[in-house]
Each structure stands twice: as structure tokens, then as C-alpha cells.
Amino acid sequence: MALSFSTLTDAITQYTGLSPAAFFTIVAVMVVAYKVVCGMFVAAEDYAAVKKANEYAAREQVQLGDVTEEELRAYDGTRPDKPLLMAIKGNIYDVSRSRHTMFYGPGGPYALFAGRDASRALALMSFDSQDLTGNIDGLSASELEVLQDWEYKFMEKYVKVGQLVPQKTRIENAEGGNKALDGTSIPIGKVSSFLENSQMQLGLNGFDL
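Mapping of the sequence shown onto full-length UniProt numbering: position 2 corresponds to residue 2, and the numbering continues sequentially without gaps.
The following block contains the structure:
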């Protein structure tokens with residue numbers, strides 16, 4: 001081995017006229033310069049991904065308000081016409097800027113979290129489908145601390161666009177009737193009858209309506 005190294009250094013001096021130390025110094029400088037120059041240029045695919053990510057970041061965020069878990073699943077990134085959303089501790093964030101950087105978008109390492117509240121999975125650093133839930137009961141203090149770190153990162157990087165609700169609690173008017181809290185239609189006639197009966201009962205109990 002010593003003979004080979006000696007032969008190499010002799011060859012360097014003979015063919016370049018430089019000492020071995022000077023030769024290897026020049027080679028090292030050339031390698032560093034090459035990497036610096038290459039870093040100044042971006043591949044076409046990378047440039048397109050960065051451009052799209054910037055477009056998502058620059059566009060106006062759509063505020064969704066109250067959203068159920070079932071509705072949130074429609075925003076899992078499989079439809080390009082919809083934003084890519086993800087929830088942590090019930091708060092929904094628009095992570096569309098990461099769709100084209102292959103992070104939360106289809107095929108990305110965290111794609112299974114998209115369109116869901118992944119609080120438990122993030123706290124446990126788990127990719128098990130059973131942990132794709134917002135239920136954080138039973139987590140240890142350290143696991144809750146991990147989840148808190150994730151939430152801080154999302155608050156810093158992404159825009160909150162809504163919050164999860166267990167079910168729709170708004171009373172919406174339908175044609176020819178009203179809707180109860182569970183979405184069941186109540187005909188106008190039954191509403192009036194219910195109110196009249198309520199007034200009668202309250203009147204019998206001494207209440208003046």
C-alpha cells in the first residue's frame with residue numbers, strides 16, 4: 001500500500017509538476033466550486049413544483065368554517081380543483097402549498113394524513129390507519145408535547161381555514177318546512193301544532209306566554 005501511494009505521488013509530481021499537497025488542494029477546490037455552481041440551477045421539475053407551491057401560497061385562502069369529518073375527507077388532495085386540507089386537534093389547515101412538493105399530496109410520505117384529523121397519529125409518530133383520528137385520550141405527557149410541536153409548526157406555516165364539528169348544528173330552512181338539529185324535515189303544520197301545544201301546556205302550569 002505504501003508503495004502504491006508513493007508511486008501515485010511520484011506520478012502526480014511527474015505529470016503535473018505539482019506537489020501532492022498542492023494537487024489535492026486544487027482538486028478539493030474544484031469539487032466545492034462544482035457543487036456551488038450546480039446549486040445555483042434548479043431542475044425543470046423542481047422549478048415547476050416550487051412555482052406551483054408559491055401559487056398556492058399566494059392565492060386567497062377559502063374559509064370553510066364548521067366542517068364534519070366526512071366532509072373533510074373530500075379535501076385529501078385527490079381532486080386538483082379542491083384545496084388540500086388537514087386537521088390537528090380539531091383545527092383545519094390548508095396544506096395545499098405542500099401538494100406539489102410531494103409531502104401531503106398523493107404519493108407523499110404523509111399523504112394518508114390529508115383530509116383527516118391526524119392528531120393521534122402525529123403524537124405517536126404512527127402511520128397506522130387506526131391512529132388517523134382526532135381522539136387523543138390516553139396519550140402520555142411526552143406524546144402530547146410532540147403533538148403540540150406539530151400544531152405550532154402548522155400554525156406557523158399554514159393558514160387555518162376551519163374547524164371540525166361532530167355534526168351540523170345549524171338549523172337550515174328547506175322548501176316547505178324546517179329542519180331539526182339532526183336534519184329531519186319538520187312540516188310547517190307540525191311546527192305550528194307543536195307550538196300551540198307548548199303554549200297550552202305552559203299556560204296550564206301558570207306561565208304567561
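Note that beta-carbon positions come from the ideal geometry of N, C-alpha and C, so glycine has one too.
Quick check: residue i and residue j, are their CB atoms within less than 8 Å of each other?
| i | j | result |
| --- | --- | --- |
| residue 68 | residue 159 | no |
| residue 134 | residue 149 | no |
| residue 106 | residue 77 | yes |
| residue 112 | residue 92 | no |
| residue 115 | residue 74 | yes |
| residue 83 | residue 94 | yes |
| residue 161 | residue 29 | no |
By DSSP's criteria, residue i is part of a beta bridge. Which residues make up the other side?
| i | result |
| --- | --- |
| residue 93 | 86, 160 |
| residue 81 | Bridge partners of residue 81: none, in fact. |
DSSP three-state call for residue i: helix, strand or coil?
| i | result |
| --- | --- |
| residue 31 | helix |
| residue 67 | strand |
| residue 117 | strand |
| residue 104 | coil |
| residue 17 | coil |
| residue 152 | helix |
| residue 11 | helix |
| residue 140 | coil |
Using the Cα positions of residue i and residue j, report the straight-line distance between them to the nearest angstrom.
| i | j | result |
| --- | --- | --- |
| residue 136 | residue 80 | 31 Å |
| residue 87 | residue 143 | 17 Å |
| residue 131 | residue 120 | 6 Å |
| residue 97 | residue 26 | 42 Å |
Quick test of your reading: residue i and residue j, contact by CB under 8 Å. State the CB separation rounded to the nearest angstrom.
| i | j | result |
| --- | --- | --- |
| residue 90 | residue 167 | The pair is not a contact, with the Cβ atoms about 14 Å apart (cut-off 8 Å). |
| residue 147 | residue 122 | 6 Å |
| residue 19 | residue 13 | 7 Å |
| residue 16 | residue 24 | Actually they do not touch by this definition, with Cβ atoms about 11 Å apart. |
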